[in-house]
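> Quick one: the structure is below, and I'll ask about it shortly.
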Amino acid sequence: MKVFAIALMVGCLSIFSGISLSQDGMGSPQDKGGEDKENLQKRIVQLVKDLDDNNQKTRINATEELIKIGEPALEDVKKALIKPPNNEVRIRAKYIVSEIEFKILAKKFKIAFLSYRGGNREIYIMDADGSNVKRMTNNKATDDSPAWSPAAAGK
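With positions in the sequence shown counted from 1, the corresponding number in the numbering used here is that position plus 731.
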């Protein structure tokens with residue numbers, strides 16, 4: 732049921748017919764601009780502290796950067812939710828956690844759908860966030876009913 736909600740959030744179900752979801756097993760992005768883990772961890776700790784900075788621009792920048800960092804920042808941001816110093820930090824931390832968790836899930840699930848692009852019904856797949864659209868069929872015949880099979884799960 733959670734998978735269905737993810738697809739709904741990105742608006743895919745209202746646009747396409749014949750939708751099917753699959754868990755893909757893809758991991759989260761690992762490239763963080765060449766920063767080593769220690770420096771990245773120090774940066775994350777500082778950004779979490781910046782969520783409570785007096786300067787609004789600093790708080791906004793910290794929020795955006797923590798979302799960009801993604802999964803490596805998740806645990807530290809969750810810790811900030813345990814005893815947030817104020818309501819704004821709580822709201823920002825919840826927002827950051829939800830954005831990071833959605834990005835993680837969006838890369839693990841695929842949506843299969845039918846589209847009439849090019850004048851013929853073809854089967855496409857995409858990530859749950861709407862990115863990485865790929866046409867899976869390309870022929871003059873009408874393609875219908877995309878479905879996932881265990882045999883194709885490793886592809």
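Note that the Cβ used here is the ideal one computed from N, Cα and C, for glycine as well.
(1) In chain order, what residues of the same chain have a beta carbon less than 7 Å from the beta carbon of D807, not counting five sequence neighbours either side?
(2) Are the segment 810-820 and the segment 835-850 touching, with three or more C-beta to C-beta distances below 8 Å?
(3) Which whole-angstrom value is the C-beta distance of D858 and K838, which I expect to be below 8 Å?
(4) For E806, write down the residues that DSSP places opposite it in a beta bridge.
(5) Inspect the beta-carbon positions of E832 and L805 and report whether they are closer than 9 Å.
(6) Exposed or buried, which one is T794 when buried takes at least 16 other CB atoms within 10 Å?
Let's see:
(1) The residues are I775, V776, V779.
(2) They do not touch, by the three-pair rule.
(3) Confirmed, Cβ separation roughly 6 Å.
(4) Note: E806 sits in no beta bridge, so no partner.
(5) Cβ atoms of E832 and L805: closer than 9 Å.
(6) The C-beta of T794 has 16 or more other C-beta atoms within 10 Å across all chains shown, which makes the residue buried.
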